[in-house]
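Under UniProt numbering, the residues of the sequence shown are numbered 1 to 146, in order. Built from N, CA and C at the ideal position, the CB exists for glycine as well. Have a look at the structure below, then the notes.
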Amino acid sequence: MNFEEIWAFLGRNPMLSLALAGITVALVYTELMRAFRGFKGLRPAELTALINREDALVVDLRPSAEFEKGHIPGSKNVQMAQFDPENKALAKAKSLPVVAVCKAGMTAVDAAKRLRKAGFEKVYVLEGGIGAWQQADLPLAKGRGK
Numbered sequence: 001m002n003f004e005e006i007w008a009f010l011g012r013n014p015m016l017s018l019a020l021a022g023i024t025v026a027l028v029y030t031e032l033m034r035a036f037r038g039f040k041g042l043r044p045a046e047l048t049a050l051i052n053r054e055d056a057l058v059v060d061l062r063p064s065a066e067f068e069k070g071h072i073p074g075s076k077n078v079q080m081a082q083f084d085p086e087n088k089a090l091a092k093a094k095s096l097p098v099v100a101v102c103k104a105g106m107t108a109v110d111a112a113k114r115l116r117k118a119g120f121e122k123v124y125v126l127e128g129g130i131g132a133w134q135q136a137d138l139p140l141a142k143g144r145g146k
C-alpha cells in the first residue's frame, strides 16, 4: 500500500477520515497534558520500589471504611475533603516522594495537582489505584494503619 492508495481510501471514506483525525488529536492532547501535569504515574511495582528505595509517603484518599478493609502497608489515610497539602504535618514530607492513591486513580490526580501547587517536588499517582495494586497480587494491610 502506498501513499496514493491511502489518500484515495481517505477520500472515499470521509467519516472514517474524520474519526481518525479526531482520535489522533485526542491522543496527542492527552499525551501532552500527561507530560506537562507536573507529576508522574506509577505502576504497582514502581511504587513498591519507590517505597523501598526512597521511603515514599503513600497517601490513601479512600473513605476510612475502604481503607480499613485493605490498604498499602504503611500508607496514611486522609479523606479528600480533609486533604490539605499546606498542613504542617505534611510540610516535613516536601522533600520525600509523595504518592497519592485512591480507588481507581482519578481522585488521586486532583490530590497530586494540589500537592504540586503547594510546592511538593516529587509527586506521584498510583495508576489504576488500589485496584491495580490488588491485580498485581501485592499485599494489603487491614485495619486503621499508622
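- Scanning 143, 127, 144, 17 for the CA closest to the CA of residue 47 turns up 127.
- Less than 9 Å divides the Cβ of residue 72 from the Cβ of residue 130.
- In the three-state reduction of the DSSP assignment, residue 88 falls in the helix class, which pools H, G and I.
- One alpha carbon belongs to residue 1, the other to residue 9, and they sit about 11 Å apart.
- Counting along the chain, no alpha helix (DSSP H) covers residue 99; the unbroken beta strand (DSSP E) around it starts and ends at 98-101.
- Cβ neighbours of residue 57 within its own chain (closer than 6 Å, five residues either side excluded): 93, 96, 98.
- Closest in C-alpha terms to residue 122, from the list 143, 76, 54, comes 54.
- Contact annotation: residue 132 and residue 12 have beta-carbon atoms that are not nearer than 9 Å.
- Residue 117 and residue 111 have their alpha carbons spaced roughly 10 Å apart.
- When beta bridges are read from the DSSP output, residue 60 appears opposite 77, 101.
- For residue 140, the three-state secondary structure derived from DSSP is coil.
- Between residue 85 and residue 62, the C-beta spacing is not below 9 Å.
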